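Before any comments, here is the structure.
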Amino acid sequence: MKISAPRGTYDLLPNETRRWQALENKLRAAAALYGYGEIRFPVFEHTELFLRGMGETGDVVQKEMYTFSDKDGRSLTLRPEGTASAARAFIEHGLHMSLLPFKCFYIAPNFRYEKPQKGRYRQHVQFGAECFGASEPQADAEIIALAQSILQDLDVSLHLNSIGCKKCRPDYQKNLRAWLDDRVSHLCETCKTRLERNPMRVLDCKVETCAAAASDAPAAVDCLCPECADFFGRLESLLDEMGVPYVRDSRIVRGFDYYTGTVFEFISREIGAQGAVCAGGRYDGLTGELGGPPTPALGFGMGLERLLLAMEAKGVILPDEATPSVYLAPMGAAAAKICAKLCHELRRLGVTAETDLCGRGLKAQMKYADKRGGHFSAVIGDTELETGRINLKDMRTGDVMGCGASAADIAKTLHILSEVELEC
RNA sequence: GUGAGUGUAGCUCAGGUGGUUAGAGCACCAGGUUGUGGCCCUGGGGGUCGCCGGUUCAAGUCCGGUCAUUCACCCCA
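In our numbering, the protein residues as written are 180 to 603.
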């Protein structure tokens, strides 16, 4: 029986991985620009962390977690999202006593037992940024600007909302529930259940009758307490000032319980039904929920598979770094030995070098060198061994250049040739 | 968890109404005199037709189940 990758997971073959590395480099550079340092946390955590962090009502916690017991009977869970881990680390290392704000980012896999489809996997990678200890809307504007700087060349729009703090949100929910109760006959079955637990999710429903019924429901932004309204207004004017485009969207409701105040999503219409490329918001109550010092905080997660889809849709190509490379084609056993040694020395000099590993004839070796896309090749046979001179061939132009048969000479010549090429 | 579409070679796909040894293109390997790749020519390897069962003298082809995959719902990055 053939064994394949588990459902909803995938392999990245070397060709594909290059795109990912280029993207990751771009993300690290963007994060550095905004003063976010990389954090790495474990792939699994105590199940309790996610139960307390994300709230027990959501689908993710209720039925999508990869939870298991280890040999000592501890209940552990493969991380379904990054924020809880970041908050746990913040608390665990006493970072509230460190220089605040504490700004960190991660590029890490998340695990959710979902039914796979386009842009949705059971293991997916998120770039996330989190900021702890910042209470001002400048922090919201900054972190949104970070996400925007990454997504700005794509067909992605920023949807912004505020769902209020722990003071005004319950009032809003009460109003909304009352309002929806009057129209309950228009709601779908799932929305009727949502009405109880989290009426704000009804605003998000795509069923036509629900959308129609909710179309002029009271919006959270109109029911904020004076503090939240003021905060949201200041955030909007900061974004205006920075030239970050956004639309107010009262349907933006995040799925995790820890969100308070600012919430946002970057949405693409080009990548299928799973259009949320990036989503986040404020979670001022989370560190307290987790038993740590109450700390204002905010963050976002960005799905890299979806980001790559959006980049593909827009035809964005990430640049590949070009380094000089050479293929040495030996003819005969003596030459093969020399080529192996030369390759070894060339690599120590920082030159990408390859030689025959399959015992192939010259023609087959040249084909191999061609298909690998290396820049240069050189045949090494009896003549070269006798004279100590080789011909370096530019595989793109066919030009050859004589060169000494030592690793140092080859490396030097390659660097000269490569630089000439760049100027062209 | 629900719905629909699709499973034939490494990849993309042909294989009317069931009928001998299942094909093509690309890719791969070897050769076209052990001194040079891309083009061309010749040859070669590689398939339990996703899996299990059923109907039939006979199933890649029809039926059922199952698994996988794709898209959508739901949910979310």
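Cβ coordinates follow ideal geometry from the N, Cα and C atoms, glycine included.
No experiment lies behind these values; they were computed from the predicted model shown.
- For I496, the number of other beta carbons within 10 angstroms of its own is below 16, and it is reported as exposed.
- DSSP places D573 inside the beta strand (DSSP E), whose first and last residues are 568-573.
- With a threshold of 16 other beta carbon atoms within 10 Å, L274 meets it and is buried.
- According to DSSP, residue pairing for M580 in a beta bridge involves L571.
- Rounded to the nearest whole angstrom, the C-alpha separation of P405 and S394 is 25 angstroms.
- When G434, Q317, T441 are compared, the shortest CA-CA separation from S341 is found for T441.
- Counting every other CB atom within 10 Å of its CB across the protein chains shown gives A210 a total of 16 or more, marking it as buried.
- Relative to the Cα of A287, the nearest Cα in the group F223, R348, E321, G312 belongs to F223.
- Cα atoms of G261 and L564: separation of roughly 58 angstroms, rounded to the nearest angstrom.
- Closest by C-alpha distance to A201, out of L487, E235, K282, Y215, is L487.
- Unbroken alpha helix (DSSP H) runs of no fewer than 4 residues, entirely contained in the stretch 485-573, are found at 512-527, 541-551, 561-566, following chain order.
- Contact annotation, C457 with L330: C-beta distance approximately 7 angstroms; criterion of less than 8 angstroms satisfied.
- Here the stretch 471-485 does not lie against the stretch 548-565, with fewer than 3 beta-carbon pairs under 8 angstroms apart.
- Between A476 and C310, the gap from beta carbon to beta carbon is short of 8 angstroms.
- A455 carries a strand assignment under DSSP once its states are collapsed to helix, strand and coil.
- K297 sits in coil when the DSSP states are folded into three classes, being neither helix nor strand.
- In the structure shown, the three-state DSSP call for K181 is coil.
- Rounded to whole angstroms, V579 and P259 show a C-alpha spacing of 55 angstroms.
- The straight-line gap separating the alpha-carbon atoms of V432 and P378 is approximately 10 angstroms.
- Across the set F445, E195, P509, E484, the C-alpha of F445 shows the shortest separation from the C-alpha of G460.
- Going by DSSP, E309 is part of the beta strand (DSSP E) stretching over 302-311.
- Secondary-structure assignment with DSSP links K282 through a beta bridge to C310.
- Around the Cβ of R575, a 10 Å sphere holds fewer than 16 other Cβ atoms; the residue is exposed.
- Non-local C-beta neighbours of R362 in its own chain, meaning closer than 6 angstroms and more than five positions away in sequence, comprise A392, ordered along the chain.
- Bounds of the alpha helix (DSSP H) holding T226 are 226-233.
- Q241 counts as exposed, since fewer than 16 other C-beta atoms from the protein chains shown sit within 10 angstroms of its C-beta.
- According to DSSP, T246 shares a beta bridge with T256.
- Take the alpha-carbon of V304 and the one of I218: they are about 15 angstroms apart.
- Cα atoms of R448 and V335: separation of roughly 7 angstroms, rounded to the nearest angstrom.
- Look at T236 here: in three-state DSSP terms it is coil, with no helix or strand label.
- Look at the beta carbons and you see the stretch 414-432 not touching the stretch 224-232: under three pairs across the two are nearer than 8 angstroms.
- Two segments are said to touch when three or more pairs of C-beta atoms, one from each, lie closer than 8 angstroms; by this definition the stretch 348-357 does not touch the stretch 510-526.
- DSSP places I329 in no beta strand (DSSP E) but in the uninterrupted alpha helix (DSSP H) bounded by 316-330.
- The shortest CA-to-CA distance from E533 to any of A557, A308, R539, V505 is the one to V505.
- Its Cα nearest to that of M481, the residue A308 stands out among G577, G343, A308, R231.
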